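Structure, as structure tokens:
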Amino acid sequence: MKLQKGDTDPKTPRRLRRTDLVAQQIREQIVDAGLKPGDRVPNDWLSPETVKVSRGTLREALKVLEYQGLISTKSGPGGGVFVASVEPGEAIRLLDNLFLFDPPSIADIYTLRKQLEPELAASVAGHLSDASFQALQGCIRLYEDEPKTAEEEYAQRLAELDFHEELARQCPNPILAFTCSFLLSLLRDMTVCRQIYKEPNPALRETGLHYQVRLLRAMKAGDAELCRMIMRGHMMEAEKYMMERAAMRAPGARAEPVADKG
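Be aware that the sequence shown starts at 1, since it is given in UniProt numbering, and climbs by one per residue.
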């Protein structure tokens, strides 16, 4: 598309505002000084004379850092500006907004899940504590019994996603864990996925149980390669099912039944 006069090429890097540059400077000072969550940010870093900006610009820069979750401010005796830690859930919610108006497709998400979830399962094989193992078993117990209502069946589908979320919490690789949790969040938020999850499908629950019980056994035995194989098959089946159901909901699609996965 040809740009009109006054338009900005979206591929051109945005020039940082003075406020953003100051926020970036303070962030770098925090990292370079090795400050940890709870540590006070030195007052001389926050002086307009030191930073060489107006008080208004400095105030806005601190608001940027607070919005990003990197600092918190306390008033009164003992108050000041303190380093804060960014919780993974908060970061994921911010990233979700990135795709709010241009969401990825189910195929986009499963392209990554098929690669990452097998490694996620393998990473915890043989390393689960008793408490962690019980937490995973607890997710399964939520959908062991036949649902009595459509609401119960929907809750069971979400519990199946909780199993994968719990795996991410146990993963020793923080980047892998965060990425898998982010993909799960995207699935939960997509309208088409919520609609699919609400569709009655008794066989789907049995399929999920089959894979996850096998996974628990392999993880407890410490068999990383078997965990990869089981999870890879699980993701391929899940992708196939979700893609078929999504295609049925596409505009102009014929309402033909899709065979349940056994």
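Yeah, the Cβ is synthetic: ideal placement off N, Cα and C, and Gly gets one too.
Since this is a predicted model, take the numbers as computed values, not measurements.
Beta strand (DSSP E) containing residue i: first to last residue?
i: Ser72; result: Ile71 to Lys74
Are there 16 or more other CB atoms within 10 angstroms of the CB of residue i, so buried, or fewer, so exposed?
i: Glu256; result: Residue confidence is low: Glu256 scores 49 on pLDDT, short of 50, so the model does not pin down where it sits. No coordinate-derived value is stated.
i: Gly262; result: Only weak support exists for where Gly262 lies, its pLDDT of 36 falling under 50; the coordinates are left without a value.
i: Ser75; result: exposed
i: Gln115; result: exposed
i: Gly34; result: exposed
i: Ala121; result: buried
i: His127; result: exposed
i: residue 266; result: Look at the range of the chain in this structure, 1 to 262, and you will see that residue 266 is not part of it.
i: Gln134; result: exposed
i: Gln212; result: buried
i: Val86; result: exposed
i: Val81; result: buried
i: Leu136; result: buried
i: Ser123; result: buried
i: Gln195; result: exposed
i: Gln29; result: exposed
i: Tyr197; result: buried
i: Ala131; result: exposed
i: Pro37; result: exposed
i: Pro118; result: buried
i: Val31; result: exposed
i: Tyr67; result: exposed
i: Arg17; result: exposed
i: Leu70; result: buried
i: Ala221; result: exposed
i: Met242; result: buried
In this structure, does DSSP put residue i in helix, strand or coil?
i: Gly78; result: coil
i: residue 264; result: Given a span of 1 to 262 for the chain in the structure shown, any question on residue 264 remains unanswerable.
i: Ala247; result: helix
i: Arg40; result: strand
i: Phe133; result: helix
i: Arg34; result: Reading off the sequence, residue 34 comes out as Gly, not Arg. Of the three classes helix, strand and coil, the one that applies to Gly34 here is coil, per DSSP.
i: Lys52; result: coil
i: Gly126; result: coil
i: Arg17; result: coil
i: residue 266; result: Because the chain in this structure spans residues 1 to 262, residue 266 falls outside the shown range and cannot be described.
i: Asp102; result: coil
i: Lys261; result: Caution is warranted here: a pLDDT of 42 is assigned to Lys261, below 50, making its placement in the model unreliable, and the coordinate value is therefore given only provisionally. Looking at Lys261 - three-state DSSP - the assignment turns out to be coil, as it is neither helix nor strand.
Where does the unbroken alpha helix (DSSP H) through residue i begin, and where does it stop?
i: Ala150; result: Ala150 to Gln170
i: Val64; result: Arg55 to Tyr67
i: Pro88; result: Pro88 to Leu98
message = Taking 8 Å as the cut-off, does the segment 178-194 touch the segment 223-238 (at least 3 CB pairs, one atom from each stretch)?
response = For the pair of segments examined, the segment 223-238 was found not to touch the segment 178-194: the number of CB pairs separated by less than 8 Å stays below three.
ask   = Considering only residues of the segment 175-243, which uninterrupted alpha helix (DSSP H) runs meet the minimum length of 4 residues and lie entirely inside it, listed in chain order?
value = The qualifying runs are 191-197 and 202-221.
query = Does the segment 126-142 come close enough to the segment 99-111 that 3 or more CB-CB pairs lie under 8 Å?
reply = Contact between the segment 99-111 and the segment 126-142 is absent, with fewer than three C-beta pairs closer than 8 Å.
query = Any contact of the segment 201-217 with the segment 66-83, i.e. 3+ C-beta pairs under 8 Å?
reply = Taking 8 Å as the limit for Cβ pairs, the verdict is that the segment 66-83 does not touch the segment 201-217.
ask   = Counting pairs of beta carbons, one from the segment 143-156 and one from the segment 168-176, are three or more of them closer than 8 Å?
value = Contact fails: fewer than three Cβ-Cβ distances are below 8 Å.
ask   = Is there contact here, the segment 220-234 with the segment 184-192, by at least three beta-carbon pairs under 8 Å?
value = They do not touch, by the three-pair rule.
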